[in-house]
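A short worksheet on the structure shown next.
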Amino acid sequence: MVETDGLAKHFVDAKGNVVKAVDGVSFRAQPGQIFGLLGCNGAGKTTTLRILSTVILPTAGSARVAGIDVVSQPERVRASIGFMSTSTALYGRLQAREAIEYFGGLYGLSGAKLKDRVSYVVDKLQIGEFADRLCDKLSTGQKQRVNIARTILHDPPVLFFDEPTAGLDVVLSQTVMEFIEEARDLGKTIIFSTHIMSEVERLCDHVAIIDKGVIRGEGTVEELKALAQENSLEKAFLKLVEFQTEYRREVAAP
Amino acid sequence: MNPIYWVFRKEVREMMRDKRTRGAALFGPIFLMVFFICGFGTILGDVTKPKGQIVHVVGEPSPLLTSLALKGIQIREVASVQEGEKLIRQDKARLVLNLTKPSSDPGKPQIIEAYFDPKQQKAQIVLSIVRREVAKESSAKLKSFLVESGLPAEASEPIVIKEKEVKVGEAGAGEFIVGMLPYLIVIWAFYGGFALATDLVAGEKEKATLETLLISPVRRTQIVLGKFFALSALCLVSALASVFGLVLVSVFKLPGSAFMLKGGLGISPVAGLITIIVLLPTVAMFASLLLAFSTYAKNSREAQSYISLASFVVVIPAAFSQLIGLTDAGNQGWVNFVPVLNTANNIRNALLGKPDWAGTATTVVVSGAIAAVLIFVVVKLFNREEVLTRV
């Protein structure tokens, strides 16, 4: 489970202004559920995930991942999560198998256990044919499979996906989404951050719409539509985030 | 396995597969040392040899010309002094000798006018060879005159200097090795790590691999230490690669080695030991300095700019180590408190066969303390959120 309560992260920019990247975010994601964080670029999705993965500290509020506090026990939190994003890359001069093993080692796997887990993910994700090739020489799809392998190698109970299909073609996006669904069926707690409505509609059991660091609405896709009194998620989203004013202006002036 | 070892092993693996790092840190020092000794040794050895040198001559035939020709010097006749000067101005002649007729009066010397461009080093070299031959000729004539006059030939040199070398310490290395090697070792210990350092943190940030590393359960201090040990190892290997280049030249007796390495290598086991002892904290100091810049920088280019500026802090004291033999500073205690210079000076003393153990110990403590402070700074920098968010 992932729980946040009044989570906030404020930065001071180069001009000395306080930027509220995340401002009082509270939600709860359950095991066996895909929790969607839906928002535009710069809405606070990545910052929220970075706090949850303990890379940055919250300015205020609290968060627990797999029942562990992100501030007081960051190493334990990190051992319980898998994190995947298309913006994170692989080490180009390592072979695919070496890259997977490296992360296995960092996650505390060793010896026969490491070998077994590497064999398992290599087989499962059909990496075998290119496992001994340098990551720099892999196609985008192959890299994505290695990335997934790295993410699930230590079998974490919680998985974070930060725009995992950004920049991927339809076929690759499909592979990633199928993998996420499979992880959900295995009972993992999944936080899925995106700005693509169709992916949210397909994958997410529960969605939080985030804008300017604040949650504007939360519930199932249907509940969000009902909340915004709209018949599509896209329109509901636009109504709930700051496009609201512009949208209303358009409606008011036909 | 310890996470530090995982990080270390991954960095070493990556650096060994990176052509740029291999070239800059391993082959660069070897190649440059071989090129330097072979190139300079061959050129300097040739230009100082009499054989093949050309001297232009105006005037009467002289026994001096015969002895110069016997040395392998080519003699070319010129019609007049004016013609000879013209050739010098056109860079077609280095030295023109105007041989006047020997005086019939034994009390008057024969005058040989030597025309040359003093700015031309090649002309100076030929002139010095001619001077040596003239001195020999004069001495032979004087001795013959003294003997004919019933005096002993030894009277031609009433005062003679006999050089007696005093052995100080163990047998040491040759002049070139003592002068250049400490400098090159220290320089390569720094520049060898240059290529990898920018990749280690700034490069990871740029290539978007840092976030996945930071999300692993490994503590950031462990990540820093893994990277630090990998970079230190590379700096050490790079410094030793320059020594390996020297050994290659000596063992295979490559062209130029006879001139540059007169008397062989002369690096004693003690000198080798001291070199390693002082190098270890020095590479730790360099590695932590390089890592600090890489951690602070937004990207590889920014890291390169910082490191390029920082390299002066290394180059200046290292360069001074070449001149230290001309001063009394080499044996003074304060030198051991000057980072970089202390390392080079201790290696120099060891190569001279005069190891300074107290100085070596001081150098280890000073460099080690600086390395410890710098690594503490790197850990602090790496633990800041800006290591990821400052892009």
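Chain order of the listed sequences is R and G. Heads up: the first sequence begins at 131 in the working numbering, then just goes up one per residue. Heads up: the second sequence begins at 248 in the working numbering, then just goes up one per residue. Heads up, the beta-carbon is just placed ideally off N, CA and C, and yes, glycines get one too.
Requested in this report: In angstroms with no decimal places, state the Cα-to-Cα distance between V377 (chain G) and V490 (chain G).
Outcome: 38 Å
Requested in this report: Would you check if the distance between the CB atom of G450 (chain G) and the CB atom of L537 (chain G) is smaller than 8 Å?
Outcome: no
Query raised in the report: Of all Cβ atoms in chain R, is any one closer than 8 Å to the Cβ of I723 (chain G)?
Result: The displayed coordinates of chain G run from 248 to 638. Any statement about residue 723 (chain G) would go beyond what the structure contains.
Query raised in the report: Which bits of chain G does L137 (chain R) rub up against, with CB to CB less than 7 Å?
Result: Near L137 (chain R) there are no residues of chain G at all, since even the closest Cβ is about 15 Å away, more than 7 Å.
Requested in this report: Could you list which residues in chain G have their beta carbon closer than 7 Å to that of E353 (chain R), in chain order?
Outcome: Those do not exist, as E353 (chain R) stays about 32 Å from chain G at its closest Cβ, beyond 7 Å.
Requested in this report: Assess, as a yes-or-no matter, whether the region 131-148 of chain R is touched by the region 184-201 of chain R under the definition of 3 or more beta carbon pairs within less than 8 Å.
Outcome: yes
Query - Proximal chain R residues relative to A444 (chain G), where beta-carbon distance stays under 9 Å - result: Result: empty, since nearest Cβ-Cβ is about 16 Å, beyond 9 Å.
Query raised in the report: Cα separation between G606 (chain G) and L236 (chain R)?
Result: 41 Å
Query - Between the CA atoms of A455 (chain G) and R275 (chain R) - distance to the nearest angstrom - result: 17 Å
Report task. Would you mind sorting R310 (chain G) into buried or exposed? The rule is 16 or more other CB atoms within 10 Å of its CB. Result -> It should be pointed out that residue 310 (chain G) corresponds to Pro in this sequence rather than to Arg. It counts as exposed.
Query raised in the report: So, helix, strand or coil for L220 (chain R), using DSSP?
Result: coil
Query raised in the report: Would Q300 (chain G) be called buried (16 or more neighbouring beta carbons within 10 Å of its own) or exposed?
Result: buried
Requested in this report: Using a Cβ cut-off of 8 Å (strictly closer), state whether I257 (chain R) contacts chain G.
Outcome: no
Query raised in the report: Ordered along the chain, which non-local residues of its own chain (more than five positions away) have a Cβ less than 6 Å from that of Q272 (chain R)?
Result: F260
Requested in this report: Could you name the residues of chain G that I186 (chain R) contacts, counting a contact when the two beta carbons are closer than 9 Å?
Outcome: E632, L635, T636
Query raised in the report: In chain G, which residues lie less than 9 Å from E205 (chain R) when you measure between Cβ atoms?
Result: P464, V465, R466
Query - Cutoff 8 Å: Y250 (chain R) Cβ touching any chain G Cβ - result: With a threshold of 8 Å between beta carbons, Y250 (chain R) makes no contact with chain G.
Query - Interface flag, A209 (chain R) vs chain G, CB-CB below 8 Å - result: yes
Query raised in the report: Is the beta carbon of G492 (chain G) less than 8 Å from the beta carbon of V281 (chain G)?
Result: Result yes, Cβ atoms of G492 (chain G) and V281 (chain G) sit closer than 8 Å.
Requested in this report: Compare the beta carbon distance of D292 (chain R) and G222 (chain R) with 8 Å and say whether it is the shorter of the two.
Outcome: no
Query raised in the report: Going along the chain, which unbroken runs of the beta strand (DSSP E) with 3 or more residues stay wholly within the region 336-423 of chain G?
Result: 342-346, 359-363
Query raised in the report: In terms of residues, what are the limits of the beta strand (DSSP E) holding M131 (chain R)?
Result: Premise fails: M131 (chain R) is in no beta strand (DSSP E) and is neither H nor E.
Query raised in the report: Span of the beta strand (DSSP E) holding T319 (chain R)?
Result: 319-324
Requested in this report: Indicate whether at least one CB of chain G lies closer than 8 Å to the CB of F213 (chain R).
Outcome: Yes, its Cβ sits closer than 8 Å to a Cβ of chain G.
Query raised in the report: When the Cα atoms are used, what is the spatial distance from T313 (chain G) to G354 (chain G)?
Result: 24 Å
Query raised in the report: In terms of residue numbering, what span does the beta strand (DSSP E) encompassing I345 (chain R) cover?
Result: 344-349
**Report entry** Cα-Cα separation between Q160 (chain R) and T319 (chain R), rounded to whole angstroms
**Finding:** Computed Cα separation, rounded: 6 Å.
Query raised in the report: If you drop the 5 nearest sequence neighbours on each side, which residues of the same chain put their C-beta closer than 7 Å to that of A539 (chain G)?
Result: Cβ within range, chain order: L621, V624, V625, L628.
Query - Residue-level contact to chain R via CB, E549 (chain G), 8 Å cutoff - result: no
**Report entry** Chain-ordered neighbours of G235 (chain R) on chain G, where CB pairs are closer than 8 Å
**Finding:** Near G235 (chain R) (Cβ distances below 8 Å), the residues of chain G are M248, P250, W253.
Query raised in the report: L458 (chain R) CB to nearest chain G CB: under 8 Å?
Result: Residue 458 (chain R) falls outside the range modelled here, since chain R spans only 131 to 384, and no answer is possible.
Requested in this report: Would you identify the three-state DSSP class for A338 (chain R), choosing helix, strand or coil?
Outcome: strand
Requested in this report: With 8 Å as the threshold, decide whether the Cβ of S240 (chain R) is near any Cβ in chain G.
Outcome: yes
Query raised in the report: Along chain G, in chain order, which residues have C-beta atoms closer than 7 Å to that of A219 (chain R)?
Result: Under the 7 Å cutoff, chain G gives K454, A455, T456.
Report task. Use the C-beta contact count for N578 (chain G): other C-beta atoms within 10 angstroms, 16 or more gives buried, fewer gives exposed. Result -> exposed
Query raised in the report: If you check the beta carbons only, do E332 (chain G) and V304 (chain G) fall under 8 Å apart?
Result: No, these two residues do not count as a Cβ contact at 8 Å.
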